[in-house]
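Only one structure is covered here, and it is reproduced in the block below.
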Amino acid sequence: MSEDTADSRKREVIVDFDLLRTLAARNFRDLGGHRVRDGKRVRRNHVYRSSHLAEVPLGSPLQTLQLKTLITLQSRMEVKHIGPPAPEMRDGVRWEHIPIGDQWFSEHGYTRRSSEPGRAHLELVMHFREDWQRFFKLLAERNVYPVLFHCSAGRDRTGVGAVMLLEVLGVAREQVVADFLESNTTFPNDLLTPKQLAPVFETIDEMGGIDAFMREVLGLDSSHLEAIRADLLES
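Basically this note's numbering = 1-based index in the sequence shown + 295.
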């Protein structure tokens, strides 16, 4: 490869691995506590989201979660350059790597710009349907909770996963959006907006609701969704 070609590829990078590496163990929260439409509530201490866990500070509350399952949504290239979850996070825990966005990363970092501005988060779902199917089938298994899922920043892929999960659980949409926007406290210089989720919600509504969306887009059936609800909702 010529120097010019290598330099041009580096210039195409939108976010490099050096920056992503600094985001360890941030943007963490419990998705529990939300009230849903039928009066039930999402169980606390059952499902968490965060940024990558390649480094976890000594004494971090992340080390006390008593997880059964850890789901990594980073691409293979991210895991190669940033590292897998730290050994103390994987010890005695089922670790599943579901690489979302493999073709969007080079040896230097994240390189892809959305082909349709404003639809990037919907594209994250539509381009990786089989990966999301695997993610939700895993959440529907018995004895997987407590579970934590994460990407590198814990913002976009993790955010979209949380949006779909909270929709499945029946959380009010304004609360779903509020959880998505909570990442702005970690990333004040690159703010998420409600408009970024509009294409996702429009597609869900056009299909007749979240159950139809999960069935038609991700190939999940009612047994998967009911299993998730049974594990994560309480009266």
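Using N, Cα and C, we set each Cβ at its ideal position, and we do this for glycine too.
So, are the CB atoms of S478 and I377 less than 8 angstroms apart? Looking up residue 478 in the sequence shown gives position 183. Looking up residue 377 in the sequence shown gives position 82. Not in contact: S478 and I377 (Cβ atoms no closer than 8 angstroms).
How far does the alpha helix (DSSP H) with E501 in it extend, from its first residue to its last? Position 206 of the sequence shown, counting from 1, holds the residue named residue 501. Counting along the chain, the alpha helix (DSSP H) containing E501 begins and ends at A493 to E501.
Starting from the Cα of W427, find the closest Cα among R437, E497, A522 and L460 and give me that residue. The residue you call residue 427 lines up with position 132 of the sequence shown. That would be L460, whose Cα lies nearest to the Cα of W427.
CA-CA distance, H519 and L513? Along the sequence shown, one-based indexing puts residue 519 at 224. Along the sequence shown, one-based indexing puts residue 513 at 218. The straight-line gap from Cα to Cα measures roughly 11 angstroms.
Where does D311 fall in DSSP's three states? Against the sequence shown, residue 311 aligns to sequence position 16. Reduced to three states, the DSSP call for D311 is strand.
Cβ separation of E462 and I499, assumed to be a contact under 8 angstroms, to the nearest whole Å: Position 167 of the sequence shown holds residue 462. Position 204 of the sequence shown holds residue 499. The pair is a contact, with the Cβ atoms about 7 angstroms apart (cut-off 8 angstroms).
Cβ contact (3+ pairs, closer than 8 angstroms) linking the stretch 315 to 331 and the stretch 352 to 359: yes
For E436, the three-state DSSP class (helix, strand or coil): Here residue 436 corresponds to residue number 141 of the sequence shown, with the count starting at 1. Residue state, collapsed to three classes: coil.
Looking at the structure shown, is S303 part of a helix, part of a strand, or coil, going by DSSP? As a position in the sequence shown, residue 303 is number 8, starting the count at 1. Unreliable positioning characterises S303 in this predicted model, as indicated by a pLDDT of 41, which lies under 50. A coordinate reading is not provided.
Is DSSP giving R450 helix, strand or coil here? Walking along the sequence shown from the start, residue 450 turns up at place 155. Coil.
With a threshold of 7 angstroms on Cβ separation, who are the neighbours of L360 within its own chain once the five nearest residues in sequence on each side are excluded? Numbered from its first residue, the sequence shown carries residue 360 at position 65. Same-chain partners within the cutoff: Y343, P441 and L443.
D526: buried (16+ other C-beta within 10 angstroms of its C-beta) or exposed? By 1-based counting over the sequence shown, the position of residue 526 is 231. Its Cβ being crowded by 16 or more others within 10 Å, D526 is buried.
Looking only at C-alpha atoms, which of R429, L487, L433 and M509 sits nearest to G449? Here residue 449 refers to the residue found at position 154 of the sequence shown. Ranking the options by Cα distance to G449, first place goes to L487.
Shortest alpha-carbon distance to I393 belongs to which of P356, L434 and V458? In the sequence shown, residue 393 corresponds to position 98, counting from 1. Checked all of P356, L434 and V458; the closest Cα to I393 is L434.
Run the CB neighbour count on P380, radius 10 Å, all protein chains shown included, and call it buried at 16 or more, exposed below. Indexing the sequence shown from 1 puts residue 380 at position 85. Its Cβ being crowded by 16 or more others within 10 Å, P380 is buried.
For R304 and L492, what's the separation of their Cα atoms in angstroms? Here residue 304 refers to the residue found at position 9 of the sequence shown. Here residue 492 refers to the residue found at position 197 of the sequence shown. Confidence in R304 is poor, its pLDDT being 44 and thus under 50, which makes the residue's placement too unreliable to answer from.
Of the choices Q358, R429 and W390, whose alpha-carbon is the least far from that of T367? Position 72 of the sequence shown, counted from the start, is the residue given in the question as residue 367. The shortest Cα separation from T367 among Q358, R429 and W390 belongs to W390.
Just curious, the alpha helix (DSSP H) that F475 is in, first and last residue? Within the sequence shown, residue 475 is the residue found at index 180, counting from 1. R468 to L476 is the extent of the alpha helix (DSSP H) around F475.
Do P494 and V276 come within 8 angstroms of each other at the CB atom, strictly closer than that value? Nothing about residue 276 can be reported from this structure: the residues present for the chain run from 296 to 530 only.
Is L326 helix, strand or coil when you go by DSSP? In the sequence shown, the residue the question calls residue 326 occupies position 31. Coil at L326, not helix or strand.
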